[in-house]
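*Asks:* To start, I am sharing the structure in question, which I have written as structure tokens.
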Amino acid sequence: MFSRRARLCGSLVAMGFPPPRTRVLNRGASLATRSLLDIIKVPEGTQSMRGETLQQQVGDGVSADGGLAMIETTKMLSETSKKAGEKASASSSSAPRPSATFGPRAETRVKLSPLRRTIASRLKQSQNAAASLTTFNEIDMSSIVELRSSDALLASANLGYLSVFARACALALTELPIANASIDGDDVVYHNYVDLGVTVATPSGVVTPVVRNAERMSLVEIEREIQRLGQMARNGSLALEDLSGGTFTISSGTVANSLFGQPMINLPQSAVLAMHSIKQKPVVADGQIVMRPVMVVALTYDHRLLDGREGTTFLVKVKQYIEDPMKMLL
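Quick note: the sequence shown, position 236, residue 232 per our numbering, numbers continuous.
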């Protein structure tokens, strides 16, 4: 038969504690001799081999075959809790927090359309190849707004702002040929014609049909050609020849509810003009501060071919034609 002390030690070992080394004192030994004891540490409430629950506190003595053992439960529990807390703190600081639950969600994957792939490829090519620089200016649109409503011929043609800018750009390009030129390897190619690309939004994306020989057209003729190309673009009936070429581009996609933006060059062209929304702004006219409809325009050009002086000169010419439209009607 095993003694009670042996069974108690067996219980402690079974619970994972190291085998205790105790020095047994005779029954009745003074607690003052505690320093001579090797302390047996067991958790409070531990089951003994006989099923008895140990309720001893610090300093309690138990009889084990005539010997006396000391049980330190409180100290052991505090040390165990401290170590467990340190481990939990370390694990919580190193482990990643679980992501928030957003509920069931799904994704839909759709292939890029051929048109979208072509647009993406050409825009990335423009970004990588051209040394783009953008210049901004403000244009007082008062004269154009008045002209659209007062001129019977222009009113009947349902004249749009895009056509007005197309006419102004065509004239400015003939006066500043470098803005209508392009780079081909080590050569600069000057075009003796103006083929204007105009952006048209369609359900499948933005396309840029070309108004051929725009420098020869009147304001009304340009408007009618833009309307024809726009209708074909929305119907999906544009031919490849309607989209190819072009020596300069006008972007009107930012007209609605935009302040300004930087357009991207349509290579191999060297410049692109972006129109923006018309907003009422205070301006000085004849020494008085008055409210006028103002549009911000942006010219992005290839700095390899045009310097800032040429870019600014071209934009000022366009501004002068828009603010004094009678020059375009002559």
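Note that CB positions come from ideal geometry on N, CA and C, so glycine has one too. What you are looking at is a predicted structure, and each value in this text was computed from that prediction instead of being measured.
Name, in chain order, the residues that DSSP records as bridge partners for Ser273.
*Replies:* Answer is none; Ser273 lacks a bridge partner.
*Asks:* Closest by CA to Ala281, which one among Asn262, Glu319, Ser266 and Ile246?
*Replies:* Per the Cα distances, Glu319.
*Asks:* Going by alpha carbons, who is nearest to Leu215 out of Leu155, Thr195 and Arg208?
*Replies:* Nearest of Leu155, Thr195 and Arg208 to Leu215, Cα basis: Leu155.
*Asks:* Touch check for the stretch 161 to 181 and the stretch 290 to 310: three-plus C-beta pairs under 8 Å?
*Replies:* The answer is yes - the stretch 290 to 310 touches the stretch 161 to 181, with three or more Cβ pairs under 8 Å.
*Asks:* Is the distance from the Cβ of Ala166 to the Cβ of Glu221 below 8 Å?
*Replies:* No, they are not a contact pair.
*Asks:* When the distance is taken between beta carbons, is Leu143 closer than 8 Å to Pro289?
*Replies:* Not in contact: Pro289 and Leu143 (Cβ atoms no closer than 8 Å).
*Asks:* Alpha carbon to alpha carbon, how far is Val194 from Leu255? Give it in angstroms, no decimals.
*Replies:* Between Leu255 and Val194, the C-alpha separation is close to 20 Å.
*Asks:* How big is the Cα-Cα spacing for Val196 and Gly226?
*Replies:* Between Val196 and Gly226, the C-alpha separation is close to 6 Å.
*Asks:* Where does Leu119 sit, in a helix, a strand or coil, going by DSSP?
*Replies:* Leu119: helix per DSSP, three-state reduction.
*Asks:* Taking Cβ positions, are Phe244 and Gln223 nearer each other than 8 Å?
*Replies:* Going by C-beta atoms, Phe244 is not nearer than 8 Å to Gln223.
*Asks:* For the alpha helix (DSSP H) that contains Val160, what are its first and last residues?
*Replies:* From DSSP, the alpha helix (DSSP H) with Val160 extends over Tyr157 to Glu171.
*Asks:* For Met287, does the three-state DSSP call read helix, strand or coil?
*Replies:* Of the three classes helix, strand and coil, the one that applies to Met287 here is strand, per DSSP.
*Asks:* For Val103, which three-state DSSP category applies?
*Replies:* Note that residue 103 is Glu in the sequence shown, not Val. Coil at Glu103, not helix or strand.
*Asks:* Comparing alpha-carbon positions, which option in Val312, Val314, Met291 and Gly307 lies nearest Val141?
*Replies:* Checking every option, the nearest Cα to that of Val141 belongs to Met291.
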